[in-house]
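Notes follow the structure.
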Amino acid sequence: MKFHKDNHADVVLGMNELRGPGPFFLSVFVAVLLLPPGSRADTPAPGGVAVLQGRDGRSTLRVGMNLQSDLRLHPTDEGWDSTFLVRRARLNLTGTLASFADVRLIADVGQFNTPLFQDAWLELRAAPWLRLRAGRLKVPFGYEWLETSSVFLDFVEQSLLYTLVLPRYDQGLALHGELADQRVEYWLGLFNEASSKARDEDRGKMLAGRLSVSPLEGLSVAVSATHALGDNLPEEARGKLATGYAFLTSPQYKVTYATGASGLYVGPADWRLGADAVSFQGPTSLKVEYARFHASTREGWLQASDVGNDARRVHLPGLRSQAVYASGTWVLTGEKRVERGVEPSSPFDPSAGRYGAGAWEVGLRYGVAQLKFDGLPGHDGPSVERIQELTAGLNWYLNTSTRWMFNASRYRFSQGQPSFDEFLMRIQWSFF
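Shown next, in the form of structure tokens:
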């Protein structure tokens, strides 16, 4: 099965000098570019609307956009906490340069604390089995992260797996391609592995890879891995849900370092391993994914920008985390479910004189995650937090561009913290 992708990767405006396998990747790719034109990759199907076109008709710039407006509700002893927000507001520029290259630039203007650019990469297409992408892009790990654009999520927010374990956007380059009549896909990339503050001091890099096989129509299975090359900067351990609720607040997780920093800092992952299986059959979908993360106990530097004073060497606890989720959806109105959502057979589109009921879909997701910290400074023994998530969802596809989503979630914690409930609503409009 050929899965369509819309990778919303982050952006790179510059790259540090790459060592190791980087020059080898480039030399192989340049050699393949010398193949006869008939052996090169076909230009992918365009998206969005063309706004600029070259005189020869071979180069085109297209524009698309995505707007997500959310309502978040959380019950408290005093009533309800509620907030409206623009979750994402993105402009998507994609271009085809002649017959052998693509470029993407996605500007995110929806949140003040996110980079202005999400994707910013250039991809050279030597052949369907050999493409080179360089810039700021998604680290190729995991189905939910790599293969699923935020526009086509089954639920309002991503799972605990993404929140706590998976890598994010990074700056680097990646080889990828498709083999065996598009039934096999591979990724192999080299990245900065910068901290959550997007710093990179060339202390190390990260190697990432993914192999996906589609043995039957609508079915895919895959494995992913990352491995650290060198010594990268520490960062604060992920201890928040996707909507921002902090759960690492128990006393055993409160650490004040000699530098004056207050928080819980760990090293980047020594390695990650993951596996996933996805099925789209008729009006249903089923997804199962697992990943684990390991960062060893070591000494590391907290930078002056972390703590507001001189950088000092501190003890970094080891972290072993893992997460798994299983989710399923069912289109009640009978339309076929594909990776990019549902196309209603009876859309609601007043501008075209169509007043149908759209397509309705229900979904359920269950996830479990565990974070185990080894050797916290000033604490006896390891500290372990276990989180369980149950989310029920209802999606209303009014037409191919508009979707209304409703979610109810409960999170349970193992360290005596009360359960956390939240209700999310999203109105999404997208044009790609």
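First residue of the sequence shown? That's 217 in my numbering, and the numbers climb one at a time after it.
Don't be surprised by glycine CBs; every beta carbon is placed ideally from N, CA and C.
Only a predicted model underlies this, so the values are computations on that prediction, with no experimental measurement involved.
| Asked | Found |
| --- | --- |
| Buried versus exposed call for W296 [16 or more other C-beta atoms within 10 Å across all chains shown] | exposed |
| Secondary structure of A568, DSSP reduced to three states | helix |
| Inter-residue Cα distance where the pair is E505 and T549 | 27 Å |
| Which listed residue (A441, G405, A343) has its alpha carbon closest to that of L395 | A343 |
| Beta-carbon proximity of Y627 to Y582, cut-off 8 Å | no |
| Contained beta strand (DSSP E) runs [length at least 3] in the stretch 261–310, N- to C-terminal order | 265–269, 276–292 |
| Alpha carbon of N623 to alpha carbon of K552, nearest angstrom | 22 Å |
| Supposed close pair T475, V530 - CB separation, criterion 8 Å | 6 Å |
| Inter-stretch contact (C-beta, 8 Å, three-pair minimum) for the stretch 380–400 and the stretch 336–354 | yes |
| Helix, strand or coil at S707 [DSSP, three-state] | The structure shown does not extend to residue 707, since the chain spans only 217 to 648, so no value can be given for it. |
| Where S635 falls: helix, strand or coil (DSSP) | coil |
| D637, buried or exposed, once every other Cβ within 10 Å from all chains shown has been counted against 16 | exposed |
| Beta-carbon spacing of V547, P499 below 8 Å | yes |
| Candidates A575, V558, S543, P563: closest to Q374 by CA position | S543 |
| Which listed residue (L435, L640, S635) has its alpha carbon closest to that of D293 | S635 |
| Three-state secondary structure assigned by DSSP to V540 | strand |
| Contacts around Q497, its chain only, beta-carbon distance under 7 Å, and the 5 residues preceding and following it disregarded | G434 |
| 6 Å Cβ shell around Q586 - same chain, five flanking residues per side excluded | Q538, R602 |
| Cross-strand partners of V429 (DSSP beta bridge) | V400, V437 |
| Counted within 10 angstroms of its Cβ, other Cβ atoms place G311 as buried (16 or more) or exposed | buried |
| Close beta carbons around G591, own chain, < 6 Å, minus the five adjacent residues each side | T513, P533 |
| Through-space distance from Y359 to L427, alpha-carbon basis | 11 Å |
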